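Below you'll find the structure, written out as structure tokens, and then a few comments.
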Amino acid sequence: TLQLLQTATVKYLGKPTKLLQLLICPDERYRFTIDKLKVIAFDELKTDYKNPIDQCNSLNPLVLPEYLLHLLFNLLFLFSGEWFSLCVNIPLIAYHINRYRTRPVMTGPGLYDPTSIMNSDVLTKCQREGWIKLAFYLLSFFYYLYGIASYYLFSHIFSLKLGLANL
1009 TLQLLQTATV
1019 KYLGKPTKLL
1029 QLLICPDERY
1039 RFTIDKLKVI
1049 AFDELKTDYK
1059 NPIDQCNSLN
1069 PLVLPEYLLH
1079 LLFNLLFLFS
1089 GEWFSLCVNI
1099 PLIAYHINRY
1109 RTRPVMTGPG
1119 LYDPTSIMNS
1129 DVLTKCQREG
1139 WIKLAFYLLS
1149 FFYYLYGIAS
1159 YYLFSHIFSL
1169 KLGLANL
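For the sequence shown, our numbering gives the first residue as 1009, with consecutive numbering after it.
Pasting the structure below:
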């Protein structure tokens, strides 16, 4: 299955991208990019720049990688004992599970149905969801960055006090 993941590609930001690159990444930049893409895509639909069928066909393959990546990060939080980060992310996990469980009936995986996405209230809801998730991921990213920086700073200061630093 790893070989299949290494060769599988999806259309991502207009160019083919390896699916493994979207699933396994060192940071959250792909989650930001996926949500930025969703916000831009829904804005294009709202202003009638793009066909809803093409837009949904480009957005639906990104749903499962986003959810799996978010779940992977939360499993890492669970195993490393980051309880605050895990508790902050649990409501979004529950929302993702509920949203995917109650998705429209389609032939493939995804959330966005081309026939209902042009309905103004559905489009507004999807656009609002994209903005909220983008803000959540952005705030989470800076919180995680602060945690990493403070850990390394305090561990370096602590090692200097003990005289263990190799300078």
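Backbone N, C-alpha and C define an ideal beta-carbon position, used for all residues, glycine too.
Quick caveat: nothing in here was measured; it's all calculated off a predicted structure.
Within its own chain, no residue has a Cβ closer than 8 Å to the Cβ of Lys1133 once the five positions on either side in sequence are excluded.
Per DSSP, the unbroken alpha helix (DSSP H) holding Asp1062 starts and ends at 1060-1067. Separation of the CB atoms of Asp1043 and Gly1138 is rounded to 6 Å, and the pair is thereby assigned contact status at 8 Å. Linking Pro1099 to Glu1052 through their CA atoms gives a straight-line distance of about 29 Å. Taking C-beta atoms under 8 Å as the contact rule, Leu1142 and Val1071 fail to qualify, at a distance of about 15 Å.
Cβ contact annotation for Cys1064 (same chain, cutoff 8 Å, sequence separation greater than five): Gly1118, Tyr1120, Asp1121, Pro1122, Ile1125, in chain order. Leu1131 places its beta carbon 8 Å or farther from that of Lys1058. In this structure Ile1101 touches Asn1082 by the C-beta definition: roughly 6 Å separates them, less than 8 Å.
DSSP places Asp1129 in the uninterrupted alpha helix (DSSP H) bounded by 1128-1170. For Ser1158 and Asn1127, the gap between their C-alpha atoms comes out near 46 Å. Between Lys1046 and the set Ile1156, Ile1140, Val1096, Arg1107, the nearest pair of CA atoms involves Ile1140. DSSP, reduced to helix, strand and coil, places Asp1051 within a helical segment of the structure shown. Taking a C-beta distance under 8 Å as the contact criterion, Asn1097 and Phe1085 qualify as a contact pair. It is roughly 13 Å from the alpha-carbon of Pro1060 to the alpha-carbon of Ile1048.
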